[in-house]
Amino acid sequence: MLHSSIYYNRVWIPDAEEVWQSAEITANYRPGDHFLHLQLEDSTELDYPVDPSALPPLRNPDILVGENDLTALSYLHEPAVLHNLRVRFVESRLIYTYSGIILVAINPYKELPIYGDAIIHAYSGQNMGDMDPHIFAVAEEAYKQMARNDRNQSIIVSGESGAGKTVSARYAMRYFATVSKSSSNAKVEDKVLACNPITEAIGNAKTTRNDNSSRFGKYMEISFDKKYQIIGANMRTYLLEKSRVVFQSENERNYHIFYQLCASAQRPEFKHLQLASAEEFNYTNMGRNTTIEGVNDRADMKETQKTFSLLLVSASKVEDKHLNIFCGLLGVESDKIAQWLCHRKIITTSETVVKPMTKLQAINARDALAKKIYSHLFDFIVEQINKALQFSGKQHSFIGVLDIYGFETFDLNSFEQFCINYANEKLQQQFNLHVFKLEQEEYMKENIPWTLIDFYDNQPVIDLIEAKMGILELLDEECLLPQGTDENWLQKLYNNFMNKNPLFEKPRMSNTSFIIQHFADKVEYKNEGFLEKNRDTVYEVLIDILRNCKVNIFFRIPQYFCYYTSGKHNFARCLEMIKAKLHPFWMLKSQMFRSSLYLLMETLNATTPHYVRCIKPNDQKLAFEFDSKRVVQQLRACGVLETIRISSQSYPSRWTYIEFYSRYSILMSQSELSLTDKKHICKMVLQRLIQDPSQYQFGRTKIFFRAGQVAYLEKVRSDRLRQACIMVQKNIRGWLQRKKFLRVRQAAVIIQQYFRGQKTIRYLQGTMEMKALILQKYARAWLARRRFQSIRRFVLNIQLSYRVQRLQKKLEEQVAKKLHHHSNKYADYLNDDSMLKSFMNMAINGIKQVIKEHAEDFEMLSFWLSNTCHFLNCLKQYSGEEEFMKYNTPQQNKNNLIHFDLSEYRQVLSDLAIRIYHQFISVMETSIQPMIVPGMLEYESLQGISGLKPTGFRKRSSSIDDTDAYTMTSILQQLSYFYTTMCQNGLDPELLKQAVRQIFFLIGAVTLNSLFLRKDMCSCRKGMQIRCNISYLEEWLKEKNLQSSSSKETLEPLAQAAWLLQVKKITEEDAKGISENCTALSAMQDLTILFLLHRRHSPLALRRLPSWALKCLQINNQDQRPPRALQLLKSFLDLRGSLTFFVGLWQ
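Sequence positions in the sequence shown follow the UniProt record's numbering and run 1 to 1147.
Below is the structure:
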């Protein structure tokens, strides 16, 4: 029942597919509400209508899900049982689960490695609750109770076809044979196990539900001696499905033995049977499917023969029939068999009449004879097995294993289902009584007051079936009437029970059926065939013929109750025999079944029963597939849910005091734990936690709880653990944080300690280092002086050697020039024009070739520029022309040429000299140009103001990778290199000055242009730096004695620009000063600098440019009209996007 407590927030609600589905309550339920606000597991929100008097069942806590005993669940109901079985079977792959005294076994449809001898020995000697649920645990419990209590035991295995009953019973028998085996009598256990293959061959068949379905019930009684070792066994069989011999449905087979024989037809021992394939016989091919996947009938026949041999039963006694060879095999007269299969004899008081049968009657007579023969053969084999298992001496005890049909309900139910369900009603009654007996014993043992529990008592159903004038008695009476029919019998049932017995109903749409309300479900039975199956008769003439055959197994065919037309027994005599319960051979089928069932119940009641309920998880025989609908149907049918319901009405949860103390000690207070009596502690805790004393009982060794109380205790325990976890986490986290803090603080202290130590050490070392530095300074100075003197001597030696070499080279050149002049003089003397031309062309071409090969070599260009100029001067000096002769001495004039005019060659040499000079200047510009901007603008040598660099100042990148390395010193060194090289090569002084002037002009122009293009360079500080750099260049000119080269004047625009950056620019007087001093700069250049200067300091400089800027422009452009200046300003400012302000100035 659902409570309003917020602790229980999960329930079960019905579901069309899964029978039940879980849901979580999302809003508190208040008594009287008609809706529950639920959320399904797929997050679907649902308002579920409820009846306040019948609320949805509660779901168990997660800790109880997957329990190996269903009675341990706090909430015992159908959805809880179904969910627990599903979790164990599907998720955990566990096929066994306890339900109190019941073992629920779900067929996995898969071979599992849990039945080996090692597993048997693991369960041997163990208590039932100490190991996981298993068929071996049930068998061990039965074996142990037999030995301990000296009481016979029984294991009742039930379930529908395909649920695994036969396999479970086989494993139980194998367990007994293994644990009780003695070395002296080992063959007895093997014989007990050998009976299984034989009975399965002759009593099992393939059905649509099961490939190895047992078509009979079996009770195997295994006998033990005083040492509890197997000495023998005895088998009883029930309800063999004889109709299968002559009829099988689609995709079903006859009994396995027929197909094993047909598959072995060619073996020598079976050739005399004249068998063929199973497809050729009507009785074996009705289902149109004679094979089973994975089964080898020929190999199974060998196994069957092997077990026959082990049991000392001759396989030759197992024979079959075929219509053409039937008589030959049995040794009977074929004419008589043919006559009485097609005719019947009617005996009256006055005469005997032989009447031919219809085709249908003849087929029924043939099938009845076939069923009788197979039934007798089956009974004969069982009898032979029992003889083989007989033992000498006295039986001390036994364990019985019952493998019988479970409750059955099909689309079409007949006499067989009626008998099976009747037997299950008797077994369920025995089970209920046993369960209540155990409950009563448990309560009495624990001194718990016994209260009567309401449960479903199926005695009314049993009375409806077996009481006086019940269904079975009316059936027997109708069978004895000469004109008795199924319809008459059904009408009697309607008259006696309809509207009089609530357990009997008549279908609304049928007059040929009746319904009985069994303990498991309602079942509708079809009346057709009830009388014929109950009579189970064969014509007496055919029985007499079989008794006279040569096969001795038919000699003792009993005189069953024969067909009423034989006239051998009158009706009254037969009725008396039935009522007097005479020899069963004279009974109807129902009477025989009731007698055997009565004997079985007497046997079971005299034993301690153990129950195994086999469940079929699905109809498709799929491994570990769980069909909830089919499972629930079987759980209801086998009584598991009824047992659960009975248990839930009492005290389903039972804990020993030790278990309770161990589990719930966390809920106990310190004062309670200080006591020594644990039993008293448990009572105190329960009285404190559960206020209602009717929800639990204290036994002698256990505490009994009603349903839901364990779940409540688990909730309280879970809350306490959660609080404890939070407390532990809080303290752990605090401890960890404090530990971390202490570790950090310790680290900080250590760091401080080392820092102070290092500071002291550095302080102490500072004085020593200072003294050491002073010593090092003087020592290094002394060493440096020595090194310098050595290097100086070395350099002087090198310079001396180099100067000697240059002098030698110069001398050689002078000799060469003189030689060349003398060559010309000689040619002139000889008046040889061709020789002169040859000499001149060779010299000019030689110079051109050298210049071409050394176009980038400054020294080589300098050298040949000097030589070319000297050569040209020689040609001019000695040309004999008046213009050049006036500068010569009289001695020099003696060397003038007489016969030739070399003016043409002088022009060629002059052009060549100009060409060399241009190449010479280009190489110098290429070498020095990358140094100009870094050295003149970017490098700052005035360290005192270098810290005034404004934010955002950056150096401009250039194409030279090592721009940052160029300084003003780099420029001066490069100029010195140029100058030294030109001097060493004897370059004409005027030519040298011209070259220096051009380089200085390049320096000034490049620097000024870069200044115009970079606003970051337009500052007072940069103006000072430029002025400083210009002074360095002037000092260089002075040092080289080049003041007269006019190189200084080329730097005047740059010097004025630098001055403009530094000068005050506020008043009109300042403007006049700028106008007077900036004569080398144009008005546009002045304004560009001013514009960049003011824009650099503020983006709004265009709006605040002082008014004297205009006057400055007017003063420097006296000869220009304002429109021209305006046009220049527009062009200048358009490049920078700031035209608006200056247009305003002119307006």
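Positions of the beta carbon are idealized from the N, C-alpha and C atoms, including for glycine.
Computed from a prediction, not measured in an experiment: that's the story for all the values here.
Rounded straight-line distance, which links the Cα of residue j to that of residue i
| i | j | result |
| --- | --- | --- |
| Val-19 | Ser-414 | 29 Å |
| Gln-974 | Ile-928 | 7 Å |
| Asn-985 | Met-968 | 26 Å |
| Asn-841 | Gln-849 | 12 Å |
| Phe-953 | Thr-767 | The pLDDT assigned to Phe-953 is 35, lower than 50, so where the model puts this residue is not dependable; a value taken from the coordinates is nonetheless given after this. Their backbone Cα atoms lie some 41 Å apart in a straight line. |
| Arg-236 | Arg-170 | 15 Å |
| Glu-439 | Asp-69 | 16 Å |
| Pro-61 | Gln-723 | 18 Å |
| Thr-868 | Leu-1033 | 30 Å |
| Glu-41 | Val-87 | 16 Å |
| Glu-856 | Lys-771 | 54 Å |
| Leu-736 | Gln-729 | 10 Å |
| Glu-17 | Val-65 | 21 Å |
| Arg-288 | Leu-481 | 39 Å |
| Glu-602 | Val-435 | 17 Å |
| Ile-578 | Glu-221 | In this prediction, Ile-578 has a pLDDT of 42, which is less than 50 and means its spatial position is unreliable; nothing more can be read from the coordinates. |
| His-37 | Pro-14 | 15 Å |
| Ala-205 | Lys-227 | 38 Å |
| Ile-471 | Met-592 | 15 Å |
| Gln-390 | Ile-381 | 14 Å |
| Trp-12 | His-83 | 10 Å |
| Ala-338 | Ala-362 | 10 Å |
Identity of the residue in the options nearest residue i by Cα
| i | options | result |
| --- | --- | --- |
| Cys-725 | His-680, Ile-666, Phe-378 | Ile-666 |
| Leu-475 | Glu-45, Asn-527, Lys-1022, His-121 | Asn-527 |
| Ile-120 | Ser-92, Met-131, Asn-458 | Met-131 |
| Phe-698 | Asn-212, Leu-46, Leu-783, Cys-682 | Cys-682 |
| Gly-393 | Phe-224, Trp-340, Met-509 | Phe-224 |
| Thr-537 | Ser-1045, Asp-367, Phe-497 | Asp-367 |
Host beta strand (DSSP E) of residue i (start-end)
| i | result |
| --- | --- |
| Gly-217 | 217-224 |
| Ala-23 | 19-25 |
| Ser-397 | 397-403 |
| Ile-156 | 153-158 |
| Ser-99 | 96-99 |
| Asp-190 | Unbroken run through Asp-190 is the alpha helix (DSSP H), 186-203; no beta strand (DSSP E). |
| Gln-697 | 696-698 |
| His-854 | Here His-854 belongs to no beta strand (DSSP E), and DSSP marks it neither H nor E. |
| Trp-12 | 10-15 |
Residue i - partner residues in DSSP beta bridges
| i | result |
| --- | --- |
| Lys-522 | Gln-517 |
| Glu-505 | Ile-515 |
| Cys-874 | Paired residues: none, contrary to the question. |
| residue 1153 | Nothing about residue 1153 can be read from this structure; the chain reaches only from 1 to 1147. |
| Cys-614 | Ala-105 |
| Ala-54 | Asp-51 |
| Thr-656 | Lys-702 |
| Thr-608 | Gln-153 |
| Gln-126 | Partner(s): none; Gln-126 has no beta bridge. |
Boundaries (first-last residue) of the alpha helix (DSSP H) holding residue i
| i | result |
| --- | --- |
| Met-235 | Taken as a continuous stretch (DSSP letters only), Met-235 belongs to no alpha helix (DSSP H), being part of the beta strand (DSSP E) at 230-238. |
| Glu-477 | 471-480 |
| Phe-270 | From DSSP, Phe-270 is part of no alpha helix (DSSP H); its letter is neither H nor E. |
| Asp-911 | 903-932 |
Residue-level contact to chain B via CB, residue i, 8 Å cutoff
| i | result |
| --- | --- |
| Leu-836 | In the structure shown, chain B cannot be found, because there is only a single protein chain. |
Proximity test, residue i beta-carbon vs the ligand MN heavy atom, cut-off 7 Å
| i | result |
| --- | --- |
| Leu-721 | Questions concerning the ligand MN fall outside what the structure shown contains, since it holds no ligand whatsoever. |
| So does the stretch 191-198 actually touch the stretch 376-389, counting three or more Cβ pairs closer than 8 Å? | yes
| query | Within the chosen definition, does the stretch 261-279 reach the stretch 233-245 through at least 3 CB pairs nearer than 8 Å? | reply | no
| message | Tell me whether the stretch 495-515 and the stretch 612-620 touch, counting them as touching only if at least three CB pairs, one residue from each stretch, are closer than 8 Å. | response | no
| Does the stretch 131-148 come close enough to the stretch 590-599 to have 3 or more Cβ pairs within less than 8 Å? | no
| said: Is it the case that the stretch 86-97 contacts the stretch 154-161, given that we only count it when at least three CB pairs across the two stretches are under 8 Å? | reply: no
| field | Cβ contact (3+ pairs, closer than 8 Å) linking the stretch 205-223 and the stretch 628-635 | value | no
| field | Cβ pair count under 8 Å reaching 3, the stretch 418-428 against the stretch 670-679 | value | no
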